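Enquirer:
In this note's numbering, the protein residues as written are 15 to 597.
1) Shortest alpha-carbon distance to residue 57 belongs to which of 391, 86, 433 and 221?
2) With a threshold of 16 other CB atoms inside 10 Å of the CB of residue 449, please say whether the residue is buried or exposed.
3) State yes or no: is the C-beta of residue 55 within less than 7 Å of the C-beta of residue 239?
4) Give the C-beta separation of residue 123 and residue 103 to the nearest angstrom, bearing in mind that I take them to be a contact with Cβ-Cβ under 8 Å.
5) Taking 8 Å as the threshold, find out whether the region 86–101 comes into contact with the region 131–146 through three or more Cβ pairs.
6) Would you kindly report the start and end of the unbroken beta strand (DSSP E) that includes residue 384?
7) Consult DSSP for residue 436 and reduce its assignment to one of helix, strand or coil.
8) Compare the beta carbon distance of residue 509 and residue 552 with 7 Å and say whether it is the shorter of the two.
9) Tell me the DSSP bridge mates of residue 314?
10) Closest to residue 425 by C-alpha separation, out of 577, 330 and 116, would be which residue?
11) Residue 182 lies in the beta strand (DSSP E); which residues open and close that run?
12) Taking the alpha-carbon positions, what's the residue 202 to residue 555 distance?
13) From 483, 497 and 499, pick the residue whose C-alpha is nearest to that of residue 512; which is it?
14) Does DSSP classify residue 234 as helix, strand or coil?
15) Are there 16 or more other CB atoms within 10 angstroms of the CB of residue 193, so buried, or fewer, so exposed?
16) In the DSSP output, what is residue 403 paired with across the bridge?
17) Is the separation between the beta-carbon of residue 369 and that of residue 318 shorter than 7 Å?
18) With DSSP collapsed to three states, give me the class of residue 219.
19) Per the DSSP calculation, residue 119 is bridged to which residue(s)?
20) Decide yes or no for the touch test of the region 282–299 against the region 251–265: beta carbon pairs closer than 8 Å, at least 3 of them.
21) Buried or exposed, going by whether 16 or more other CB atoms sit within 10 Å of the CB of residue 207?
22) Just verifying my parser: in three-state terms, what is the DSSP assignment at residue 365?
23) Could you say which of 588, 544 and 374 lies nearest to residue 398 if we only look at CA atoms?
24) Is it buried or exposed, residue 586, if we count other Cβ atoms within 10 angstroms and call 16 or more buried?
25) Please name the residue in 188, 44 and 486 whose C-alpha comes closest to that of residue 156.
26) Please report the residue range of the alpha helix (DSSP H) in which residue 53 lies.
27) Is residue 582 helix, strand or coil by DSSP?
28) Quick check: the Cα distance between residue 341 and residue 308, rounded to an integer number of angstroms?
29) Following the continuous alpha helix (DSSP H) through residue 285, name the residue where it begins and the one where it ends.
30) Looking only at C-alpha atoms, which of 269, 178 and 151 sits nearest to residue 166?
31) For residue 156, which residues does DSSP report across the bridge?
32) Considering Cα atoms alone, identify which of 564, 391, 358 and 254 is closest to residue 173.
33) How is the alpha helix (DSSP H) around residue 98 delimited, first residue to last?
34) Using the Cβ count rule (16 or more neighbours within 10 Å means buried), how would you classify residue 458?
35) First and last residue of the alpha helix (DSSP H) that includes residue 323?
36) Would you report the Cα separation of residue 445 and residue 485, rounded to the nearest angstrom?
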């Protein structure tokens with residue numbers, strides 16, 4: 015008798031159109047996180063999270079691991095409450111909160127409450143706390159949509175005075191648990207202070223209820239994260255309180271930070287010319303240093319900040335257009351951001367699962383990856399060494415005011431951090447030594463292996479080329495001696511797989527495969543044109559040069575010989591020329 019369970023499984027496999035399950039992040043922040051994070055940073059308000067204890071504990075742990083302060087009440091509703099009604103649990107907590115006489119009460123409902131449809135408004139009205147705001151985050155919506163809805167609800171707290179504060183603005187967007195918000199706000203305030211513009215309120219991270227109430231007193235609203243949220247909030251504040259706003263620039267990089275500040279200065283009729291000239295001059299001097307320009311110009315970056323699309327758009331543009339880096343891949347949260355990032359990157363994915371990210375990492379082999387904790391874990395497992403934390407979730411990360419990504423200091427911090435990360439890690443990963451001959455000269459190399467080594471050298475950034483090639487050559491010699499062999503393509507392949515940076519291994523594998531396939535098919539090449547007399551030994555040394563570079567090698571060697579007073583090319587001249595090139 016057949017097993018009905020096995021028969022069902024067989025039938026399911028044959029008939030099901032279900033898609034293959036792919037690995038996703040453990041958790042991607044939703045509209046409920048967006049709502050909680052938007053209000054928990056209001057210092058003298060009381061936040062009540064109307065939720066089961068599990069939801070509360072998750073948010074509380076996020077605050078403990080990512081912020082210096084922040085707290086909230088929770089109704090801790092049970093399964094029985096859900097079945098019988100949650101109004102009694104909410105009323106009990108609100109009565110306790112009312113004894114503290116808070117400046118404002120903010121109630122955020124969890125998904126459970128949205129399903130049961132309890133009368134939260136009725137209970138809040140019964141308790142009667144002044145400045146009460148109820149936020150019902152939309153189910154199934156994104157982090158940014160939860161923040162936008164919350165900010166729109168907070169507009170009900172605001173009151174406009176008759177006369178605005180001169181030369182003052184509001185920064186719309188920074189909230190608790192926004193990556194690096196504290197340092198970014200500190201830097202933006204510093205820049206504004208340098209042109210005598212004050213910040214009336216930061217909505218909402220580390221603000222007070224009084225600052226929220228008087229937010230309409232500012233002369234201008236500035237949307238800090240225009241590719242995430244805040245633009246609609248600015249529109250509504252313009253409609254209700256007649257406050258103009260700007261959202262055209264993301265202040266990341268020297269150029270965009272200057273454009274951001276210049277637009278604000280023009281709106282407020284402030285002269286920022288002298289200050290901007292000083293900052294731009296300082297930035298150019300810093301970023302045009304030899305180590306910075308050489309390192310970044312030959313490097314590529316993966317931008318995986320898909321929980322902060324404004325970072326994705328701003329950082330990718332800065333690194334590509336100002337620092338000369340190749341943005342080889344990017345992941346974003348919305349199609350709007352993808353359209354912006356595609357101007358500097360050909361491979362942009364919107365909310366990809368981790369499996370697709372993994373494939374893209376391996377295919378693009380970025381020099382450095384900017385992302386969140388899951389990207390760090392994935393890249394480490396794949397063998398990538400260079401990483402910069404730049405997004406949430408981060409599990410636990412210490413933030414201060416000292417390392418911004420935004421503004422002029424943020425641009426310098428990004429350049430400094432990325433350059434140091436790449437430069438030092440490549441040296442460590444190549445395991446190079448600063449001294450010693452390129453070869454002990456006692457081991458014979460197959461011609462194909464010599465040519466492959468030269469091709470490898472062409473792929474390496476020049477700032478580590480001589481050290482990396484030297485190490486590969488030494489290890490290959492030693493391995494061949496241990497095996498009583500010449501240095502073969504097989505030995506060279508083993509060595510490069512072990513002693514070269516992760517990002518190059520895939521390219522090296524392709525190189526070896528191509529050379530092995532085409533070796534037997536390569537036609538005998540014509541002799542290069544010699545303008546000087548060459549010793550036979552010197553000509554034999556040219557056999558290791560790939561055909562496509564042979565003519566250039568001859569002309570370069572002869573030019574070197576003439577410059578150094580030689581009338582004939584000998585093996586000594588060829589060795590000296592190779593040493594001059596770093597080989």
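Even glycine gets a Cβ: it sits at the ideal position worked out from N, Cα and C.
Quick caveat: nothing in here was measured; it's all calculated off a predicted structure.
Expert: Taking the definition as stated:
1) For the purposes of this step, residue 57 is taken as residue 43 along the chain shown, with counting starting at 1. Closest option to residue 57, Cα to Cα, is 221.
2) For this step, residue 449 is matched to residue 435 along the chain shown. Low per-residue confidence applies at residue 449: pLDDT is 40, beneath 50, and the placement is therefore not dependable, though the value from the model is reported in the following sentence. By the neighbour-count rule (16 or more Cβ atoms within 10 Å), residue 449 is not buried but exposed.
3) In the chain shown, the residue the question calls residue 55 occupies position 41. In the chain shown, the residue the question calls residue 239 occupies position 225. Residue 239 is positioned such that its CB atom lies no closer than 7 Å to that of residue 55.
4) Position 109 of the chain shown, counted from the start, is the residue given in the question as residue 123. Position 89 of the chain shown, counted from the start, is the residue given in the question as residue 103. Going by Cβ atoms, the distance from residue 123 to residue 103 rounds to 12 Å, so no, they are not a contact pair.
5) Put simply, the region 86–101 touches the region 131–146. At least three CB pairs are less than 8 Å apart.
6) Mapped onto the chain shown, residue 384 falls at position 370. Note, residue 384: beta strand (DSSP E), 382–385.
7) For the purposes of this step, residue 436 is identified with residue 422 of the chain shown, where counting begins at 1. Under the three-state reduction of DSSP, residue 436 is assigned to helix.
8) Against the chain shown, residue 509 aligns to sequence position 495. Against the chain shown, residue 552 aligns to sequence position 538. Using a Cβ distance threshold of 7 Å, residue 509 and residue 552 do not count as a contacting pair.
9) Counted from its first residue, the chain shown places residue 314 at position 300. Bridge partners of residue 314: 340.
10) Indexing the chain shown from 1 puts residue 425 at position 411. It is 330 whose Cα lies nearest to the Cα of residue 425.
11) Counted from its first residue, the chain shown places residue 182 at position 168. From DSSP, the beta strand (DSSP E) with residue 182 extends over 182–186.
12) Reading the chain shown from its first residue, position 188 is the one you call residue 202. Reading the chain shown from its first residue, position 541 is the one you call residue 555. Within the model, the alpha-carbon separation for residue 202 versus residue 555 is close to 60 Å.
13) For this step, residue 512 is matched to residue 498 along the chain shown. Residue 483 is the option with its Cα nearest to residue 512.
14) One-based indexing of the chain shown puts residue 234 at position 220. In the displayed model, residue 234 falls within a strand according to three-state DSSP.
15) Working through the chain shown from its first residue, we reach residue 193 at position 179. The residue in question, residue 193, is buried, as its Cβ has 16 or more Cβ neighbours within 10 Å.
16) Start at 1 with the first residue of the chain shown, and residue 403 comes out as number 389. Residue 403 is bridged to 385.
17) For the purposes of this step, residue 369 is taken as the residue at position 355 of the chain shown. For the purposes of this step, residue 318 is taken as the residue at position 304 of the chain shown. For residue 369 and residue 318, no; Cβs fall outside 7 Å.
18) Counting from one through the chain shown, the residue named residue 219 turns up at place 205. In this structure, residue 219 counts as coil in the three-state DSSP scheme.
19) For this step, residue 119 is matched to residue 105 along the chain shown. In the DSSP assignment, residue 119 forms a beta bridge with 60 and 146.
20) Short answer: they don't touch.
21) Numbered from its first residue, the chain shown carries residue 207 at position 193. So residue 207 ends up on the exposed side.
22) Your numbering for residue 365 matches position 351 in the chain shown. The answer is coil: DSSP assigns residue 365 none of H, G, I, E or B.
23) Within the chain shown, numbered from 1, the residue matching residue 398 stands at position 384. With distances taken between CA atoms, residue 398 lies nearest to 374 out of 588, 544 and 374.
24) Stepping through the chain shown from its first residue, residue 586 is reached at position 572. Exposed, by the Cβ-count rule.
25) Residue numbering aside, residue 156 sits at position 142 when the chain shown is read from its first letter. Looking at the Cα atoms, 44 is the closest of the given residues.
26) Translated into positions along the chain shown, residue 53 becomes position 39. Counting along the chain, the alpha helix (DSSP H) containing residue 53 begins and ends at 45–53.
27) Position 568 of the chain shown, counted from the first residue, corresponds to residue 582. Here residue 582 sits in strand by DSSP.
28) Taking the chain shown and counting its residues from 1, the one referred to as residue 341 is at position 327. Taking the chain shown and counting its residues from 1, the one referred to as residue 308 is at position 294. One C-alpha to the other measures close to 16 Å.
29) Translated into positions along the chain shown, residue 285 becomes position 271. No alpha helix (DSSP H) contains residue 285, which DSSP labels as neither H nor E.
30) On the chain shown, position 152 is the one that residue 166 refers to. It is 151 whose Cα lies nearest to the Cα of residue 166.
31) Within the chain shown, the letter at position 142 stands for residue 156. Among the bridge pairs identified by DSSP, residue 156 is matched with 44.
32) Residue mapping note: residue 173 aligns to position 159 of the chain shown, counting from 1. Of 564, 391, 358 and 254, the residue nearest in Cα terms is 254.
33) Position 84 of the chain shown holds residue 98. For residue 98, the enclosing alpha helix (DSSP H) stretches over residues 93–98.
34) As a working mapping, residue 458 is identified with position 444 in the chain shown. The residue in question, residue 458, is exposed, as its Cβ has fewer than 16 Cβ neighbours within 10 Å.
35) Start at 1 with the first residue of the chain shown, and residue 323 comes out as number 309. That run of the alpha helix (DSSP H) goes 323–331.
36) Within the chain shown, numbered from 1, the residue matching residue 445 stands at position 431. Within the chain shown, numbered from 1, the residue matching residue 485 stands at position 471. For residue 445, the pLDDT reaches just 49, beneath the cut-off of 50, and the residue's location in the model is therefore unreliable, although a value from the coordinates is still provided. Taking the CA atoms as reference points, residue 445 sits about 7 Å from residue 485.
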